[in-house]
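In case it helps, mature numbering (1 follows the signal peptide of the UniProt record, and there is no 0) puts the sequence shown at residues -26 to -1, 1 to 146. All residues carry an ideal CB built from backbone N, CA and C; glycine is no exception. A quick note: this is a predicted structure, and the numbers were derived from the prediction, not measured. Working notes, structure below.
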Amino acid sequence: MADHRSHLACVLAVALTATLPAAASAATATYNFEGVTTTGNTGGYTSLSLSDSGLTATFSRGGTVRFDIRDISSFTGAPAAFGAATLSPFFDPQAAPFLLSFSQAVTGLTFQAGDFFADSDVLNVVAYENADGTGAVVDSVRYRHAMQGPSAWPAGTRGCAIWMATPRAPAL
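Structure (structure tokens):
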């Protein structure tokens, strides 16, 4: 897997849209965290599965690395598009990416990610042929100060690793 030693400093993936291959379905699945129980900064999750349009997306950070769904409705400067709930790595800020695994192959992925601080951030996304960030790398992208993720993957993509690097890892 790619080198994930950089600090995690993002509140990530508030809305995610995945596109199924045409052979399977022309459906688009959309995920957000608005209906998910928020957990503050307690490390409430090691994995979280959401389903839409027959496609399940499972979020994890690998192994036993914990994360939260944070309520950011009171954060000053939070983009309105982020809604009130989002992924947060800050309970266990070790250098472990969020892993996103799909129940079947997808051909497109669009998401929003960002950071509340005025530092320089780079969003890294690596797409893999298998779930849980395994198998051959099929594509990778890096975005500086990104607000939109990649829009198309090669056919057969079933998983990706997402992380944001920054010179410092701020605490919320």
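Report the CB separation of Ser21 from Thr32 in whole angstroms; it is logged as a contact under 8 Å.
By one-based count along the sequence shown, residue 21 stands at place 47. By one-based count along the sequence shown, residue 32 stands at place 58. The Cβ separation is near 6 Å, so the contact holds.
Less than 9 Å separating the beta-carbons of Arg44 and Gly14?
What you label residue 44 is simply residue 70 of the sequence shown in a count that begins at 1. What you label residue 14 is simply residue 40 of the sequence shown in a count that begins at 1. Taking 9 Å as the Cβ cut-off, Arg44 and Gly14 qualify as a contacting pair.
Thinking residue 167 and Asn98 are a contact (beta carbons under 8 Å), I'd like their distance in whole angstroms, please.
Any answer about residue 167 is impossible in this case: the structure gives the chain only from -26 up to 146.
How is Asp113 classed by DSSP in three states: helix, strand or coil?
For the purposes of this step, residue 113 is identified with residue 139 of the sequence shown, where counting begins at 1. Of the three classes helix, strand and coil, the one that applies to Asp113 here is strand, per DSSP.
Would you mind giving the Cβ-Cβ distance between Ser25 and Thr2, rounded to the nearest angstrom? I have them listed as a contact below 8 Å.
As a working note, residue 25 is residue 51 in the sequence shown. As a working note, residue 2 is residue 28 in the sequence shown. Wrong, their Cβ atoms sit about 14 Å apart, outside the cutoff.
Who are the near neighbours of Thr16 in its chain, counting only those whose CB is closer than 8 Å to its CB and skipping five residues on each side?
What you label residue 16 is simply residue 42 of the sequence shown in a count that begins at 1. Counting only Cβ-Cβ distances below 8 Å, and skipping sequence neighbours, we find Asp42, Phe65.
Which value, in whole angstroms, describes the spacing of the CA atoms of Ala54 and Asn6?
By one-based count along the sequence shown, residue 54 stands at place 80. By one-based count along the sequence shown, residue 6 stands at place 32. Approximately 13 Å between the Cα atoms of the pair.
Identify which residue in Gln68, Gly109, Val80, Ala59 has its Cα closest to the Cα of Gln86.
In the sequence shown, the residue the question calls residue 86 occupies position 112. Of the candidates Gln68, Gly109, Val80, Ala59, the one whose C-alpha sits nearest the C-alpha of Gln86 is Ala59.
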